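To convert, count from 1 in the sequence shown and add 454; that's our numbering. Data block below; observations after.
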Amino acid sequence: MSPSRRLQGASPEARVQTTCPSCDPAGDWDLEAPEPARWCGQHVSSGGRKRKRISVSVVTGRKPLGGHGDPPPPDASRLRRALRRSAKPLLAAGCGALPVLIFPAPGWWWFAYVCLVPLLLVLRGAATPRKALQLGWFGGMGFLIGVMSWLIPLLSVFIVAIAALLGLIWAPWGWLVHRLLHGTPDVGRVVAALVLVPTGWLVTETVRSWQYLGGPWGLLGASQYQQHIALRLASVGGVWLDSLLIVAVNTAVVALIVSWGRSYAAWLTLVSLALGAVAVSAWAPQPKLTGSSAAVGVVQPGLAVDSTGYRTTRGEQLTAMLTEAHPDLVLWGESSVADDLTVHPEVTAKLAALSRATGADLLVNVDAVRPGSGGIYKSSVLVGPDGLTGQRYDKIRLVPFGEYIPLRPVLGFVADFSKAAAVDRRRGTTPVVMTVPTPGGGTLKVGPLICFESAFPDMSRALEQRGAQVILVQSATSTFQGTWAPEQHASLAAFRAAESGRSVVQATLTGVSVAYDPSGRQVGTELGKSASAAEVYTVPLATGDTLYDRWGNWVPTGSVLVLLLWGGAWYVAGRRGAKRASQAENQGSAES
């Protein structure tokens, strides 16, 4: 017998409800009871039924109608409510972390095209737009903790605080997803979502890619570094165009799910994206190979790099092994020399001797205090057979917390509890293209980047525009050797090659060292994290500009414009609707 029927058949005394949610909010009430039995005589007539309905009970001298025995203590009830409140935010954070699987080392590149589907479904299912903002924030937190998990050895628990701060960038995107996809969206909302959700994500990626907010690590498009079509798209719109495509596919999949596969707009979008990607990859102009090549000797000392003295000594040993290979240039990794060469002539003399022995200049990387400046610089320094050539590049974009602490007066305490930079490095001011003499009597123009800088598409573009024939990356990821950071960093060079139309060679202290041709295809065999070796990579030279070289970051710029246009149209439509409603109300009042 249902609770309502037991109530109707009870004696008049049993029918009197002496308690209700208004009297005892912590009680264990029966939610299934009909409305008249939900409130005691005192509150049913005073609007109690309009209060928040926690649960209902009828006092009959028996167990409560819910059949749960005595009401639980208030603490247990509060705990259950807290767990219910935190369930969706935690779910959003977990879904936000899923994209970490699309990057190396898991490398599930195919998963990229559905990796955001769970998060999109959570956001569209938010109870209110305000809840969607909160869930978008938690989704961003989860995403950042996932893709930046390699920073945990450096920042420990502080990565959660940083992710919480930067995760706020995703909150507006969460609201946008809910606004366009909640409930059962009609064709208009589906079409709008297919345009605005991807552009909204891209604007989010662009904002958090600012160097002072952590830089463009973990861009969704970067997961496709081994896919030919994705690299061709990058030559048109940079890695940004690949990110846009990935989010558009995820959005179309969600539109199909919520419409039970009956959304023609979503099907049309998926087909159009596939055909468009193939067409662009076939149509986009490619750099023209000159028929010439450059032989770059890469020196990777290996794991035992705790002592900078040993690091340099091992680098010298490996360089000497390249004597018979006759490279055009020898490339050392980041922080491969710990002494400023202008005040340590004995170190410079050793490097010059190696240059004479190999017949090639050495591009080393100095991490030391510069005399007269009072600061530490990371610099690419070119050493020839006669010593210093005078060509040097100072690193411009530093790693937050690794090489400097943003707002050190406020956040400097982080260094006391983590491995964050104890002293801020100094910045360079401009990209540099170096002219290197080759054994054949010619010259080679190379553009150096130092570690973190290879994550920025605009930096390799700047070097190409200054005439670089080969882009060289000097890196050190030994601090993160047990993480996926070395593999992820090596993969970025493929996109820098495809975007700029120039070969890219990356040398690291402890792996992964690798080379890519002007189309982004890998050249030779990479040196892994366990290798202590020297390898010569012969990379082709190319001329001509890619469309990304010519147009730059047009995809992020276009995404911002699309969002601004939609925001303006939405605002105007809202104002007009409010005006019409006001006019109708005034007209109704006048008629009455």
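Cβ atoms here follow ideal geometry from the backbone N, Cα and C, with glycine treated the same way. Keep in mind it's a predicted model, so treat the numbers as computed, not measured.
{"Check": "Secondary structure, alpha helix (DSSP H): runs of 4+ residues fully inside the stretch 744-824", "Outcome": "762-774, 799-812"}
{"Check": "Three-state secondary structure assigned by DSSP to Ile-859", "Outcome": "coil"}
{"Check": "Separation of Pro-560 from Leu-620, as counted between CA atoms", "Outcome": "25 angstroms"}
{"Check": "Run of the alpha helix (DSSP H) containing Thr-723, from where it starts to where it stops", "Outcome": "718-737"}
{"Check": "Buried versus exposed, by CB contacts within 10 Å (16 or more), Glu-467", "Outcome": "Bear in mind that a pLDDT of 42 at Glu-467, under 50, signals an unreliable position, so the number given afterwards is only what the model happens to contain. Under this definition Glu-467 is an exposed residue."}
{"Check": "Residue interval of the beta strand (DSSP E) (run including Arg-846)", "Outcome": "841-848"}
{"Check": "Between the CA atoms of Met-602 and Leu-545 - distance to the nearest angstrom", "Outcome": "19 angstroms"}
{"Check": "Buried/exposed call for Asp-640, threshold 16 Cβ in 10 Å", "Outcome": "exposed"}
{"Check": "Cβ pair count under 8 angstroms reaching 3, the stretch 925-934 against the stretch 961-977", "Outcome": "yes"}
{"Check": "Supposed contact pair Val-887 and Ala-922 - C-beta distance, whole angstroms, cut 8 angstroms", "Outcome": "5 angstroms"}
{"Check": "Opening and closing residue of the beta strand (DSSP E) in which Ala-980 lies", "Outcome": "Note on identity: in this sequence residue 980 is Glu, with Ala being the wrong assignment. Its beta strand (DSSP E) spans residues 976-981."}
{"Check": "Span of the alpha helix (DSSP H) around Pro-911", "Outcome": "911-919"}
{"Check": "Contact set for Arg-920: own chain, Cβ-Cβ below 6 angstroms, skip 5 residues either direction", "Outcome": "Val-887"}
{"Check": "Strand pairing of Ala-988, partner residues [DSSP]", "Outcome": "Val-753"}
{"Check": "Meets three-Cβ-pair contact criterion under 8 angstroms: the stretch 641-661 and the stretch 614-629", "Outcome": "yes"}
{"Check": "Asp-870 classed as buried or exposed, judged by whether at least 16 other C-beta atoms fall within 10 angstroms", "Outcome": "exposed"}
{"Check": "Proximity to Leu-1001 [Cα-Cα], best of Lys-983, Ser-954, Val-611, Leu-698", "Outcome": "Ser-954"}
{"Check": "Span of the beta strand (DSSP E) around Ala-961", "Outcome": "957-962"}
{"Check": "Unbroken alpha helix (DSSP H) run spanning Ala-948, endpoints", "Outcome": "939-954"}
{"Check": "Inter-stretch contact (C-beta, 8 angstroms, three-pair minimum) for the stretch 637-651 and the stretch 719-727", "Outcome": "yes"}
{"Check": "Opening and closing residue of the alpha helix (DSSP H) in which Ser-663 lies", "Outcome": "From DSSP, Ser-663 is part of no alpha helix (DSSP H); its letter is neither H nor E."}
{"Check": "Simplified DSSP state of Gln-1037, which is helix, strand or coil", "Outcome": "helix"}
{"Check": "Contact the stretch 854-865 vs the stretch 805-819: 3+ CB pairs below 8 angstroms", "Outcome": "no"}
{"Check": "Meets three-Cβ-pair contact criterion under 8 angstroms: the stretch 872-879 and the stretch 823-833", "Outcome": "yes"}
{"Check": "Gly-829, DSSP secondary structure in three states", "Outcome": "strand"}
{"Check": "Counted within 10 angstroms of its Cβ, other Cβ atoms place Gln-942 as buried (16 or more) or exposed", "Outcome": "buried"}
{"Check": "Trp-1075 versus Leu-609: straight-line alpha-carbon distance, rounded", "Outcome": "Outside the displayed span of the chain (455 to 1046) sits residue 1075, for which this structure offers no information."}
{"Check": "Alpha-carbon spacing of Ala-947 relative to Ser-689, whole angstroms", "Outcome": "13 angstroms"}
{"Check": "Test item: CB-CB of Phe-597 and Gly-669 under 8 angstroms", "Outcome": "no"}
{"Check": "Met-595 and Ala-547 closer than 8 angstroms at C-beta", "Outcome": "yes"}
{"Check": "Which listed residue (Gly-1042, Glu-918, Trp-1005, Val-927) has its alpha carbon closest to that of Ala-996", "Outcome": "Glu-918"}
{"Check": "First and last residue of the uninterrupted alpha helix (DSSP H) at Gly-628", "Outcome": "625-635"}
{"Check": "8 angstroms Cβ cutoff met for Thr-653 and Ser-1013", "Outcome": "yes"}
{"Check": "Euclidean distance between Cα positions of Pro-558 and Ile-613", "Outcome": "20 angstroms"}
{"Check": "Nearest-angstrom beta carbon gap, Tyr-970 and Ala-951 [assumed within contact, 8 angstroms]", "Outcome": "4 angstroms"}
{"Check": "Under the three-state DSSP convention, the category Ser-689 falls into", "Outcome": "helix"}
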